[in-house]
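These protein sequence lines map, in sequence, to chains Y and S.
The first sequence maps to residues 1 to 113 in my numbering.
The second sequence maps to residues 1001 to 1110 in my numbering.
Beta carbons: idealized from backbone N, C-alpha and C, even for Gly.
Predicted model only: the values in this text are computed from it and were never measured.
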Amino acid sequence: DGGITQSPKYLFRKEGQNVTLSCEQNLNHDAMYWYRQDPGQGLRLIYYSQIVNDFQKGDIAEGYSVSREKKESFPLTVTSAQKNPTAFYLCASSIVARDYGYTFGSGTRLTVV
Amino acid sequence: SQQGEEDPQALSIQEGENATMNCSYKTSINNLQWYRQNSGRGLVHLILIRSNEREKHSGRLRVTLDTSKKSSSLLITASRAADTASYFCATVEYGNKLVFGAGTILRVKS
C-alpha cells in the first residue's frame, strides 16, 4: 500500500541536542512538507520541497533544517537553535497540481526533557 | 500566516444530529479543502471544493463555498461517535502551500 511514514512516533530531546525526524513516502509525490502543530492551534508550515535537491522556508523555519536528496525522503532536523521544540510534527506529500489534497503521515511527538 | 479560521472552536452534539462547521478566509483562493484529525494522529483529506463550485457532497459530508463572503461550511449529517475529531479547513497559497486554520473540535456523544 502506498503511504507516508514518519518515525519515530515519540522522540525525547535533551537541551542543546539536535534531533532528526524521518519522513518517507512511496506515493511518487514530487512535493513534501513539514508542519508543526501546537496544542489548540492549527498547523504551521516549517519547510517544503517541490523537487529533489530544492526546498523552501515556510513561516517558522528558524531552528530547523531539511534535506531532499531523494524523492521519497524529506528528513527534518530540529537544531539546538529551536528554543521551544516541544510539539507534534507532521509530514505531508502531494503531487504538484492545483486541485489536489495532501497525504499526511501519522506524526512525531517531540518532547524536550 | 493563517488563512482560514474555523467557527466554532468546539462543538458537542448527540449521535444522529447534524454538525456544521464554518471557515472564513482572507484572500482569493483556487480551492478550499477540509481535513479531519483524530486525536494524536495525522490529518486525513476529506473533500476539496474549487473556487468555481458552490456545493459539493461526499457521503455524509456536504461542503459549501461562498467566495463573495470568503467563507465555507462543512456539514456532517447523521453524526456518529466515530466522527469525533478535529476538523480543519485549508486554502492554497502561492507555491501550492496549504495554510490551515486553527480547527473545530467536534465531539459526538453516544
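- Remark: C-beta atoms of I1076(S) and L1061(S) approach each other more closely than 8 Å.
- For D38(Y), no chain S residue has a Cβ inside 8 Å of its Cβ, as the nearest lies near 10 Å away.
- Under DSSP, S94(Y) shares a beta bridge with A31(Y).
- Non-local C-beta neighbours of D59(Y) in its own chain, meaning closer than 7 Å and more than five positions away in sequence, comprise R44, L45, ordered along the chain.
- Per DSSP, the continuous beta strand (DSSP E) segment holding V66(Y) begins and ends at 64-66.
- Using a 10 angstroms sphere on the CB of R98(Y), the tally of other CB atoms stays under 16, which defines it as exposed.
- Taking 8 Å as the cut-off, the Cβ atoms of W34(Y) and V66(Y) count as close.
- Taking the C-beta atoms as reference points, D1007(S) is found nearer than 8 Å to N1022(S).
- Annotation: the continuous beta strand (DSSP E) that includes E1055(S) extends over 1055-1058.
- When rounded, the separation of the alpha-carbon atoms in A1102(S) and Q41(Y) is 5 Å.
- The contact set of Y102(Y) on chain S, defined by CB atoms closer than 9 Å, consists of Q1033, Y1035, L1043, H1045, A1090, L1098 in chain order.
- Annotated as proximal: A1085(S) and Q1037(S), with beta-carbon spacing under 8 Å.
- Rounded to the nearest whole angstrom, the CA to CA distance from E1053(S) to S94(Y) is 22 Å.
- As the crow flies, the alpha-carbon of A61(Y) is around 12 Å from that of P85(Y).
- C-alpha of L1043(S) to C-alpha of G16(Y): approximately 30 Å in a straight line.
- Distances from the alpha-carbon of S1110(S) to those of Y1094(S), L1074(S), Q1009(S), G1016(S) put G1016(S) closest.
- Between the alpha carbons of A81(Y) and F12(Y) lies a distance of about 16 Å.
- Within a 10 Å sphere around the beta-carbon of I51(Y) sit fewer than 16 other beta-carbons, which makes this residue exposed.
- Within chain Y, not a single residue places a beta-carbon under 7 Å from that of A1085(S); the smallest gap is close to 13 Å.
- The three-state secondary structure of A1082(S), taken from DSSP, is helix.
- Under the Cβ distance rule, D99(Y) counts among the residues neighbouring chain S, one pair being separated by less than 8 Å.
- The CB of R1050(S) comes closer than 8 Å to the CB of D99 in chain Y, given here in chain order.
- Along the region 1006-1030 of chain S, going in chain order, the ones with a CB nearer than 7 Å to a CB of chain Y are N1030.
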